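Report on one structure; see the data block that follows.
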Amino acid sequence: MNFFQKYSWILGFIILAYGLYIYLNNKTELFSNKSEAYGVVYDVTSIRLVGYTGLLYKYRFKNKGKVFFGKTTKNYSGNFEKDIYYKVKFITGNPKNNEITFENKFIQKIKLDKNGKILDTVYVLEN
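For the sequence shown, my numbering gives the first residue as 2, with consecutive numbering after it.
Right under this line is the structure:
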């Protein structure tokens, strides 16, 4: 038995531990340094992988005038309607690390002045 065959499980354990560390670090950072925005689901795709069948939700949100995108396979029991917004949590310094929550639905209300210029955008909880 050569060296690699004898100790390959150690390499596998190290790779698994490193992957778990990265995953947990991202989740911890998301909950400790989070900001919130409102995002809208723009595409729902059915995915089928070995041992998994579900839906992939693609969403977008804005932060400081820039548009960011995200994907999730979280379970959602309702049907998606056009122009319904959901809260998106993201890391303050890295909006590309984000997560959508389907807990509440929000409707976007835009306040305009008499010239049609946007004064404010408010998100109201849907009944």
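Every residue gets a Cβ at the ideal spot worked out from N, C-alpha and C, and that includes glycine. Computed from a predicted model, the values in this text were never measured in an experiment.
{"Query": "Taking one C-beta from the stretch 72-84 and one from the stretch 49-61 each time, how about it: are there three or more such pairs within less than 8 Å?", "Result": "yes"}
{"Query": "Does DSSP put T93 in a helix, in a strand, or in coil?", "Result": "coil"}
{"Query": "Considering E37, what are the terminal residues of the beta strand (DSSP E) in which it resides?", "Result": "35-50"}
{"Query": "CA-CA distance, L126 and S78?", "Result": "18 Å"}
{"Query": "Ordered along the chain, which non-local residues of its own chain (more than five positions away) have a Cβ less than 8 Å from that of K67?", "Result": "P96"}
{"Query": "So, for I111: in the same chain, excluding its five sequence neighbours on each side, which residues have a beta-carbon less than 7 Å away from its beta-carbon?", "Result": "I119, T122"}
{"Query": "Specify the secondary structure class of Y60 as computed by DSSP and reduced to three states.", "Result": "strand"}
{"Query": "Would I101 be called buried (16 or more neighbouring beta carbons within 10 Å of its own) or exposed?", "Result": "buried"}
{"Query": "Which residue spans inside the stretch 68-120 form an unbroken beta strand (DSSP E) run of at least 3?", "Result": "85-92, 95-113"}
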